[in-house]
Amino acid sequence: EELGARLGDKLVITVQQAGGDLASSAQAIRGIYRTGSDLFDTEYVFTDINAARRLGGLLEDEVSRIVLRLSDRAESTGLARTLNQSPQLTNDGLVAQDWETLLPVVVQMVEMSQVDFYLILAVVFVVVAIGVMNTMVMSVMERTPELGVMLALGTRGGQLLLTILFEAFFLAILGMVAGTVVGGLLVVWLGNAGIDLSSISGALEAIPGITDRIHPVMIFDHVWLPSLLLFLCSVLVALYPAWRASRLDPVEAIRHG
9 EELGARLGDK LVITVQQAGG DLASSAQAIR GIYRTGSDLF DTEYVFTDIN AARRLGGLLE
69 DEVSRIVLRL SDRAESTGLA RTLNQSPQLT NDGLVAQDWE TLLPVVVQMV EMSQVDFYLI
129 LAVVFVVVAI GVMNTMVMSV MERTPELGVM LALGTRGGQL LLTILFEAFF LAILGMVAGT
189 VVGGLLVVWL GNAGIDLSSI SGALEAIPGI TDRIHPVMIF DHVWLPSLLL FLCSVLVALY
249 PAWRASRLDP VEAIRHG
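Residue 9 is where the sequence shown starts when you use this note's numbering, and the numbers rise one by one after that.
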C-alpha cells in the first residue's frame, strides 16, 4: 500500500545471498496480507521456496534457516543447547538459537507481564482478605446473642471456633468454584471472539508478533495455584473473628442482643 502496488504488479526484491553478494529479482504480487502489526507487514514477504532459493543463491536442497515450533516454549532453550552440542550441526557450521535470543523484546514483555500478574494477584489477595474478614466479623457481631446462647448451653469455645471456620471454609469453596467456572467461561468466550486492541495499535507496532486482536487461553498453572492460595487466605483470615467468637462471655453476648 505504501508503494502504491496492486495485485499483478511487479516489485523488485533485493537480498543478500549466502555468499555475501547482492541479488535482485522482479516478483509479481499474488496477494496482500495484513496481520495488524505494521512492523511485520512492512518487512516480510511470503514467496515460493524455490524462488527464494534462486534469489538467495542456494541449491535446490538448501535453506538459510529452519524454524522449529514446540508445544512448550520453555523447552526451546534446552533444545537449542542440545542441538548445538550435536556434531552434525557444528561440523556444518550451523547454530541453533532459541526464541529468547532471537526476540529479546518479547522476552522483556513476558517478564513484565509476569510481574504485572503477581502485582495484581497481590492486590486481589489483600482485597479478598479484607472482604472476608469484614464479612466474618459482621457475621459474628450480628449473631452475638445466638452465639452467647450456644455457649450458655454448653458449647465449648473451641467448638464454636471450628464452626465459624467451617463456614469460612465452605464459603471459600463456593467462591473458588464459582470464580473458576465464570472466569473459565469468560476466557473461552474471549478466546473465540478475541480482544480488540485496535485503539492502541500504534503502540503495538514496535512489538514483533503482536496484532491488534489477541485471543487469551487458559493456562492451568495460572488457575489452580492462585485459586488454592486465595482459598487458604480466606480460611486463615477467618481465624480472628472465629477466635473472638470463641472468647465471648455468654452473659454479655446474650445481653448484647
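C-beta: ideal position from N, C-alpha, C; glycine also.
Keep in mind it's a predicted model, so treat the numbers as computed, not measured.
Legend entry - Beta-carbon proximity check, Met158 vs Leu173, cutoff 8 Å: No, the pair does not count as a contact, with Cβ atoms beyond the cut-off.
Inset, instruction - Check whether the region 105 to 118 touches the region 130 to 147, counting contact only when three or more Cβ pairs, one atom from each stretch, lie closer than 8 Å. - result: no
Inset, instruction - Kindly confirm or deny that the region 241 to 252 and the region 138 to 150 touch, where touching means at least three C-beta pairs closer than 8 Å. - result: yes
Legend entry - Meets three-Cβ-pair contact criterion under 8 Å: the region 177 to 193 and the region 221 to 241: yes
Inset, instruction - Note down the Cα distance separating Leu236 from Val196, rounded to an integer number of angstroms. - result: 21 Å
Legend entry - Coarse secondary structure for Arg263, derived from DSSP in three states: helix
Legend entry - Asn99 versus Ile222: straight-line alpha-carbon distance, rounded: 42 Å
Inset, instruction - Could you check the C-alpha separation between Gly166 and Thr188 for me, to the nearest Å? - result: 32 Å
Legend entry - CB of Leu78 within 8 Å of CB of Ser84, strictly: The answer is yes: Cβ separation under 8 Å.
Legend entry - Separation of Ala253 from Thr163, as counted between CA atoms: 12 Å
Legend entry - Glu154 to Ala180 span [Cα, whole Å]: 23 Å
Inset, instruction - Give me the Cβ distance between Ala160 and Pro258, rounded to the nearest whole Å; I'm assuming they're in contact under 8 Å. - result: Confirmed, Cβ separation roughly 4 Å.
Legend entry - Classification of Asp204 by the beta-carbon crowding that lies within 10 angstroms, buried from 16 upward: exposed
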